[in-house]
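S.K.: Next up is a structure, given as structure tokens.
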Amino acid sequence: MRIASLFVVSSLLLAGSQAQADVKLPSIFSEHMVVQADTKVPVWGWAEPKEEVTVELAGSKASAAADVNGRWRATLDKLPAGGPHKLVVTGKNKLEVGDVLVGEVWLGSGQSNMAMQVSRCFNFEQEQKAADLPQVRMFTVRSGAEKEAQADCQGSWAVCTPETVGGFSATAFFFGRDLHAALKKPVGLINSSVGGTPIESWISADAQRAEPKLKPFLAVIDEANAKFDPVVAQATYDKQVAKWQKDVAAAKAAKKPLPQKPRDPIATRKLKGGVGGLYNGKIAPLVGYAIRGAVWYQGEANAQPGKAEYYQTQLSLLVNDWRRQWNQGEFPVAWVQLPNFDNGKPEWLVVREQMRKTLAVPNTGMAVTTDVGEAKDIHPRNKQDVGKRLALWALAKVYGQAIPYSGPMIASHAVSGDRLVLTFDQAEGLKAGGAKLLGFEIAGADKMWKPAEAQIEGATVVLSSPDVKQPTAARYNWAHMPTGNLTNNSGLPASPFATE
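Okay, structure coming up:
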């Protein structure tokens, strides 16, 4: 018995030693991958400590030695767009990754509106028929939240075909499809998103703990975590489910709408992962993979009391922390402003405004979507226009195309007697999308908001109201279902704003 046990142990040790010696790659370096063009391309993985590893791709070659922990990293020279190529990694063993393209790589992240798939969007059948796009690929991260930053994740690359496109992130796909059509280059999209998750899950915990402005916010979370008792939570949830089951039976008997099932508090906490949990499991494994930039669609989960007012600090921190982690300069980042949605929560409007203010961070952009949402559905099906607007920004600001990419953005305001004068960026061709300009309000020192008469005068909008003799502040489209119609030559809507 003892001999047999020793044989098993020896076999396991030998297998472990052999596994350690084998060169390995993270899942992001796999068949059908797209690597970023025109920039140095890091490739990394694991091998036996001090093992020499050579990487070859499209005529570029680099070598590196594994460190004492078996981690190695080699950097290939800049590569032109094209392919397909083969990535060859050689140490004591050889790995070959086929069908590799070189092109434009973008990370897409956020909550359910980024996770929402093409199959759930408008005109899916038409989109599916037109999805024979072999140079558009998507890597979907399937791992969940983690307590510590991970070196690898679960995921795979998929080539865009009519059979695969239904499972792609819709916002990321329509964004990437438009880039591909305009640039005539391969496009790789990385989808790392989870529905129902707050922004604090997506930023490294260290960065958040070091931000003084977030101390009150994090103190509330820490207190809630200290008080959370999983045994009590499970018992309470079990009682709620039992009641729900009875309510469902009663509703069926009465032929009434079925009540919604209670949310499992333990499963919900696991999904969100706490402060930095999704960063650890779904962003950290990607850090270093060469990308052109990132697009972000989130905010719904933070449009809550006690959360909304921190969103500008958090979104700015996410951008700056991801840039720091990647060490790839101030790569461009754009986000989707919260759309029109009739949930009645004032925090929804606050998060919208916090998003606009975050444009103060250099090399960032925002897609305004207050005209493409749905009153009663937090997951609007028109993701085509969302992706298009993100792509217009990228084509203009990242790729240098001389195209209109944004509706008007408030720049400044000034009081002139009983009138308030607004100036805008992206003001070329200011116009009303109807006979009369709508959506503006003004207030005086009493902060009582009144509808404003609005007139376009050149590159400005002049506001007045018989009820406000001395205006001090203005706001536009400050509503869940706004009716404002200010636009410009782009035909894109102006962003909601408040001047105070």
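In case it helps, the numbering used here puts the sequence shown at residues 404 to 903. Virtual Cβ for every residue (Gly too), placed ideally from N, Cα, C.
#1: With DSSP run on the structure shown, which of helix, strand or coil describes Glu507?
#2: If Asn496 and Asp425 are in contact, beta carbons under 8 angstroms, what's the gap, nearest whole angstrom?
#3: I need the straight-line Cα distance from Gln421 to Thr493, nearest angstrom please.
#4: Less than 6 angstroms between C-beta atoms, sequence neighbours within five positions excluded: which residues of the same chain meet that for Ala897?
#5: How far does the beta strand (DSSP E) with Thr902 in it extend, from its first residue to its last?
#6: Measuring only the C-alpha atoms, how far is Gly485 from Met851?
#7: Which residue or residues does DSSP assign as beta-bridge partners of Ser867?
#8: Does DSSP put Ala670 in a helix, in a strand, or in coil?
#9: Could you tell me the boundaries of the alpha helix (DSSP H) in which His583 lies?
#10: Would you list the residues sitting across from Cys563 in a DSSP beta bridge?
#11: Whose C-beta lies closer than 8 angstroms to the C-beta of Lys443 among residues of the same chain, with five residues either side of it excluded?
#12: Considering only C-alpha positions, which residue in the set Phe744, Lys630, Leu498 is nearest to Pro429?
#13: Excluding sequence positions up to five away, which residues of its chain have a Cβ less than 6 angstroms from the Cβ of Asp745?
#14: With which residues is Ile845 paired in a DSSP beta bridge?
#15: Pull up the distance between the alpha-carbon of Lys588 and that of Arg792, whole angstroms please.
#16: The beta strand (DSSP E) with Arg476 in it runs from where to where?
#17: Just to confirm the assignment: which complete beta strand (DSSP E) runs, minimum length 3, are found wholly within the segment 793-852?
#18: I'd like to know whether the C-beta atoms of Pro854 and Leu823 end up nearer to each other than 8 angstroms.
#19: Please state whether the Cβ-Cβ distance between Val871 and Ala830 is less than 8 angstroms.
#20: I'd like the span of the beta strand (DSSP E) that includes Pro487, first residue to last.
#21: Can Ala706 and Lys642 be called in contact, C-beta distance under 8 angstroms?
#22: Can you say whether Thr772 is buried or exposed, counting buried as having 16 or more other CB atoms within 10 angstroms of its CB?
#23: With distances taken Cα to Cα, identify the nearest neighbour of Lys786 among Ser433, Met519, Ala465, Pro487.
#24: Are the CB atoms of Tyr713 and Gly702 within a distance shorter than 8 angstroms?
#25: Tell me whether the beta-carbon of Val597 lies closer than 8 angstroms to the beta-carbon of Gln717.
#26: Would you mind sorting Leu617 into buried or exposed? The rule is 16 or more other CB atoms within 10 Å of its CB.
#27: Report the rounded CA-to-CA distance for Ala901 versus Met769, giving the unit in angstroms.
#28: So the candidates are Pro783, Glu549, Val491, Arg759; which of them puts its Cα closest to the Cα of Gln740?
#29: What residue from Gln637, Ala636, Pro633, Pro601 has the CA that sits closest to Phe620's CA?
#30: Assuming Trp509 and Leu592 make a contact with CB atoms under 8 angstroms, what is their CB distance in whole Å?
#31: Measuring alpha carbon to alpha carbon, tell me which residue in Ser466, Ala876, Ala763, Lys834 is nearest Asp849.
#32: Going by DSSP, what residue range makes up the beta strand (DSSP E) through Lys464?
#33: Please classify Thr564 as buried or exposed, where buried requires at least 16 other C-beta atoms within 10 Å of its C-beta.
#34: Quick test of your reading: Pro537 and Val562, contact by CB under 8 angstroms. State the CB separation rounded to the nearest angstrom.
#35: Roughly how many angstroms separate the alpha carbons of Glu614 and Lys800, rounded to a whole number?
#36: Going by C-alpha to C-alpha distance, which of Ser512, Val471, Trp447, Tyr879 sits closest to Gly356?
M.R.: On the basis of the data shown:
#1: Counted from its first residue, the sequence shown places residue 507 at position 104. It is a strand residue.
#2: Counted from its first residue, the sequence shown places residue 496 at position 93. Counted from its first residue, the sequence shown places residue 425 at position 22. About 5 angstroms separates the two Cβ atoms, so the contact holds.
#3: Reading the sequence shown from its first residue, position 18 is the one you call residue 421. Reading the sequence shown from its first residue, position 90 is the one you call residue 493. For Gln421, the pLDDT reaches just 43, beneath the cut-off of 50, and the residue's location in the model is therefore unreliable, leaving the point undetermined.
#4: Here residue 897 is taken as the residue at index 494 of the sequence shown, counted from 1. The answer, listed in chain order, is Gly810, Pro811, Leu889.
#5: Position 499 of the sequence shown, counting from 1, holds the residue named residue 902. That residue, Thr902, is in no beta strand (DSSP E); it is neither H nor E in DSSP.
#6: Within the sequence shown, residue 485 is the residue found at index 82, counting from 1. Within the sequence shown, residue 851 is the residue found at index 448, counting from 1. Straight-line Cα distance between these residues: approximately 59 angstroms.
#7: Working through the sequence shown from its first residue, we reach residue 867 at position 464. In DSSP, Ser867 forms a bridge with Glu856.
#8: Numbered from its first residue, the sequence shown carries residue 670 at position 267. In the structure shown, Ala670 sits in a helix (DSSP, three-state: H, G or I).
#9: Within the sequence shown, numbered from 1, the residue matching residue 583 stands at position 180. Start and end: 573-586.
#10: Within the sequence shown, the letter at position 160 stands for residue 563. Answer by DSSP bridge pairing, in chain order: Leu536.
#11: The sequence position of residue 443 within the sequence shown is 40, counting from 1. Hits under 8 angstroms: Thr478, Leu479, Asp480, Lys481, Ala693.
#12: Residue numbering aside, residue 429 sits at position 26 when the sequence shown is read from its first letter. The option with the nearest alpha carbon to Pro429 is Leu498.
#13: In the sequence shown, counting from the first residue as 1, residue 745 sits at position 342. The residues are Ala778, His883, Met884.
#14: Reading the sequence shown from its first residue, position 442 is the one you call residue 845. In the DSSP output, where bridge partners are listed per residue, Ile845 has Lys853, Ala877.
#15: The residue you call residue 588 lines up with position 185 of the sequence shown. The residue you call residue 792 lines up with position 389 of the sequence shown. Looking at the two C-alpha atoms, the distance is approximately 19 angstroms.
#16: Locating residue 476 in the sequence shown gives position 73, counting from the first residue. Looking at the DSSP string, the run of the beta strand (DSSP E) that includes Arg476 is 474-479.
#17: 812-819, 822-828, 843-846
#18: Walking along the sequence shown from the start, residue 854 turns up at place 451. Walking along the sequence shown from the start, residue 823 turns up at place 420. No, these two residues do not count as a Cβ contact at 8 angstroms.
#19: Here residue 871 refers to the residue found at position 468 when the sequence shown is read from its first residue. Here residue 830 refers to the residue found at position 427 when the sequence shown is read from its first residue. No, the pair does not count as a contact, with Cβ atoms beyond the cut-off.
#20: Taking the first residue of the sequence shown as position 1, residue 487 is located at position 84. Counting along the chain, the beta strand (DSSP E) containing Pro487 begins and ends at 485-493.
#21: Within the sequence shown, the letter at position 303 stands for residue 706. Within the sequence shown, the letter at position 239 stands for residue 642. For Ala706 and Lys642, no; Cβs fall outside 8 angstroms.
#22: Numbered from its first residue, the sequence shown carries residue 772 at position 369. Thr772 should be labelled buried.
#23: As a first step, residue 786 is located in the sequence shown; it is residue number 383 there, counting from the start. Lys786 has its Cα closest to that of Met519, out of Ser433, Met519, Ala465, Pro487.
#24: Here residue 702 corresponds to residue number 299 of the sequence shown, with the count starting at 1. Here residue 713 corresponds to residue number 310 of the sequence shown, with the count starting at 1. Contact: no.
#25: To locate residue 597, count along the sequence shown from 1; it is residue 194. To locate residue 717, count along the sequence shown from 1; it is residue 314. No, the Cβ-Cβ distance between Val597 and Gln717 is not below 8 angstroms.
#26: In the sequence shown, the residue the question calls residue 617 occupies position 214. Leu617 comes out buried.
#27: Taking the first residue of the sequence shown as 1, we reach residue 901 at position 498. Taking the first residue of the sequence shown as 1, we reach residue 769 at position 366. Distance between the alpha carbons of Ala901 and Met769 is about 17 angstroms.
#28: By one-based count along the sequence shown, residue 740 stands at place 337. Considering only alpha carbons, the answer is Arg759.
#29: For the purposes of this step, residue 620 is identified with residue 217 of the sequence shown, where counting begins at 1. Of Gln637, Ala636, Pro633, Pro601, the residue nearest in Cα terms is Pro601.
#30: Position 106 of the sequence shown, counted from the first residue, corresponds to residue 509. Position 189 of the sequence shown, counted from the first residue, corresponds to residue 592. Indeed they touch by this definition, with Cβ atoms about 6 angstroms apart.
#31: Here residue 849 refers to the residue found at position 446 when the sequence shown is read from its first residue. Checked all of Ser466, Ala876, Ala763, Lys834; the closest Cα to Asp849 is Ala876.
#32: Locating residue 464 in the sequence shown gives position 61, counting from the first residue. 463-468 is the span of the beta strand (DSSP E), which, as asked, contains Lys464.
#33: What you label residue 564 is simply residue 161 of the sequence shown in a count that begins at 1. Exposed, since its Cβ has fewer than 16 Cβ neighbours within 10 Å.
#34: The residue given as residue 537 occupies position 134 in the sequence shown. The residue given as residue 562 occupies position 159 in the sequence shown. 6 angstroms between Cβ atoms; contact.
#35: Working through the sequence shown from its first residue, we reach residue 614 at position 211. Working through the sequence shown from its first residue, we reach residue 800 at position 397. Taking the straight line joining both Cα atoms gives about 29 angstroms.
#36: Look at the range of the chain in this structure, 404 to 903, and you will see that residue 356 is not part of it.
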